[in-house]
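To keep things clear, I will list the structure first and then write my remarks on it.
As C-alpha cells, this is what we get:
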C-alpha cells in the first residue's frame, strides 16, 4: 500500500511539472521584426490556406500581399476602403468594404462580388471585422467610425451591433444588440465559441455559438477591449491595441508583445507553417516567430 501511495504521489508530481512546463507562445527575448514602413495605416490581416498574408492600407485604398517567401506587393488597388478581412472556404477574400459600408467577396482572380449592401434598407455603420464559420456564415462587427470619405455624418442605424450573415443571404441577423462598440471578432476552429472585443467598453466577451448561428451564454472573459484579435492552436487569445496582449483560454494574461508604434490594429498567423505572427501597426507591418501555430 505504501508503494502504491508513493507511486500516486510521484504521478501527481509529474503531472504538475508538465503543466508548469508548457511551452510559452513565443520567446520573450525575440523582438518583433519590422518588415516595411511605407503605408498610411495598416489593417485587416488575414491568411490564406498556403500561409500568404493579406492586409489593407485603408487610407490609400489598397490590399497588399506578403507571401510565404517574404515578397511584398499590391494585390488590389481601389479596394473599397477595405478594413477587416477573412478568407472563405473557397479561397475568396471576404472584406469589410468600408467605402460604401458593404461586404465584398474578392476571388483569387480579383473578381469582386458584393455580398451585403444594407440592413433592412439602412446603411450599415461600417462593417469592421469578420469571422466565417464552417457553414460559410459570416459573423460581423459593425461599429460606427466617421470616415472623411463619407458624405454622411451620422449612423443610419440604432446602435452598434454584432451580426450574422447566413451563407447565401443578403440580410444579416442581429446576434448581440447590447454591446457598446464591437470591433475584433474570431471563432474557435470547432465552431463552438465566438470571441468579440468591445473596444468601447474595454471588454472582451466569449459566446456559445448555437446551431442556427445565434449566440448565447455571453461571458465577460477579459477586462480589455481590442481592435483585431486572433487565436492560436492552444486556444490562447491575442488582443491588439497597445501592442499585442496574450491571454490563455480562461482569460488569464500570459504575455505581451510590445510594438513601437502608436497603435497595433490587427494580426494573424502566417507563413508556410502558420507559426509567424504577422502584425499590422500604424504605418508599418511586423512579424514575430512563434512557438505555436495559428488556427485561421
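Numbering (the numbering used here), first residue to last: 33 to 328.
Virtual Cβ for every residue (Gly too), placed ideally from N, Cα, C.
Three-way DSSP call (helix, strand, coil) for residue 65 in this model: The count along the chain shown starts at 1 and reaches residue 65 at position 33. It is a strand residue.
Cβ of residue 252 within 8 Å of any chain D Cβ: The structure shown contains no chain D, having only a single protein chain.
Cβ-Cβ separation, residue 234 to residue 272 (assumed contact under 8 Å), whole Å: Residue mapping note: residue 272 aligns to position 240 of the chain shown, counting from 1. Residue mapping note: residue 234 aligns to position 202 of the chain shown, counting from 1. About 13 Å separates the two Cβ atoms, so there is no contact after all.
Pairwise C-alpha distance: residue 166 and residue 139: The residue you call residue 139 lines up with position 107 of the chain shown. The residue you call residue 166 lines up with position 134 of the chain shown. Approximately 19 Å, taken between the alpha carbons.
Integer-rounded CB distance, given that residue 230 should sit under 8 Å from residue 257: In the chain shown, the residue the question calls residue 257 occupies position 225. In the chain shown, the residue the question calls residue 230 occupies position 198. So it is a contact: roughly 5 Å between Cβ atoms.
Residues of its chain near residue 116, where Cβ-Cβ distance is below 6 Å and the 5 sequence neighbours each way are ignored: Within the chain shown, the letter at position 84 stands for residue 116. Only 76, 128, 160, 161, 162 meet the Cβ criterion.
Element boundaries [beta strand (DSSP E), containing residue 353]: Outside the shown range of the chain, which is 33 to 328, sits residue 353, and nothing can be said about it.
Buried versus exposed call for residue 316 [16 or more other C-beta atoms within 10 Å across all chains shown]: As a working mapping, residue 316 is identified with position 284 in the chain shown. With 16 or more other Cβ atoms within 10 Å, it is buried.
Cβ-heavy atom distance, residue 118 to the ligand FAD, below 7 Å: This structure does not include the ligand FAD; it has no bound ligands of any sort.
Length at least 4, wholly inside the region 172-260: the alpha helix (DSSP H) runs in chain order: none
At least three beta-carbon pairs within less than 8 Å, the region 139-152 to the region 97-106: no
Touching by the beta-carbon criterion (3+ pairs, under 8 Å), the region 76-85 and the region 59-68: no
Candidates 307, 311, 186, of which the one nearest residue 321 by Cα: Looking up residue 321 in the chain shown gives position 289. Nearest C-alpha to residue 321: 307.
Beta-carbon contacts of residue 265 that lie in its chain and below 6 Å, excluding the five residues immediately before and after: If you number the chain shown from 1, residue 265 lands on position 233. The residues are 324, 325, 327.
Where the beta strand (DSSP E) through residue 134 begins and ends: As a first step, residue 134 is located in the chain shown; it is residue number 102 there, counting from the start. Per DSSP, residue 134 belongs to the beta strand (DSSP E) from 134-138.
Local conformation of residue 92 per DSSP, three classes: The residue given as residue 92 occupies position 60 in the chain shown. It is helical.
Ordered list of beta strand (DSSP E) runs contained in the region 137-166, each at least 3 residues: 144-148, 161-164
Residue 302 - DSSP class collapsed to helix/strand/coil: Start at 1 with the first residue of the chain shown, and residue 302 comes out as number 270. Residue 302: strand per DSSP, three-state reduction.
8 Å Cβ shell around residue 287 - same chain, five flanking residues per side excluded: Counting from 1 along the chain shown, the entry for residue 287 is found at position 255. The residues are 56, 57, 58, 60, 277, 278.
Closest by C-alpha distance to residue 131, when choosing among 114, 144, 86: Numbered from 1 along the chain shown, position 99 holds the residue referred to as residue 131. Out of 114, 144, 86, 114 has the C-alpha closest to the C-alpha of residue 131.
C-beta atoms of residue 311 and residue 291 nearer than 8 Å: As a first step, residue 311 must be located in the chain shown, where it is residue number 279. As a first step, residue 291 must be located in the chain shown, where it is residue number 259. In contact: residue 311 and residue 291 (Cβ atoms closer than 8 Å).
Nearest-angstrom beta carbon gap, residue 197 and residue 169 [assumed within contact, 8 Å]: Looking up residue 169 in the chain shown gives position 137. Looking up residue 197 in the chain shown gives position 165. Confirmed, about 6 Å.
According to DSSP, residues forming a beta bridge with residue 97: As a first step, residue 97 must be located in the chain shown, where it is residue number 65. Its beta-bridge partners are 86, 105.
Where residue 71 falls: helix, strand or coil (DSSP): Along the chain shown, read from residue 1 onward, the residue named residue 71 stands at position 39. The answer is coil: DSSP assigns residue 71 none of H, G, I, E or B.
Close beta carbons around residue 183, own chain, < 7 Å, minus the five adjacent residues each side: Stepping through the chain shown from its first residue, residue 183 is reached at position 151. Contacts found: none.
Proximal residues to residue 353 (C-beta, below 6 Å), its chain only, five neighbours per side dropped: Outside the displayed range of the chain (33 to 328) lies residue 353, so it cannot be described from this structure.
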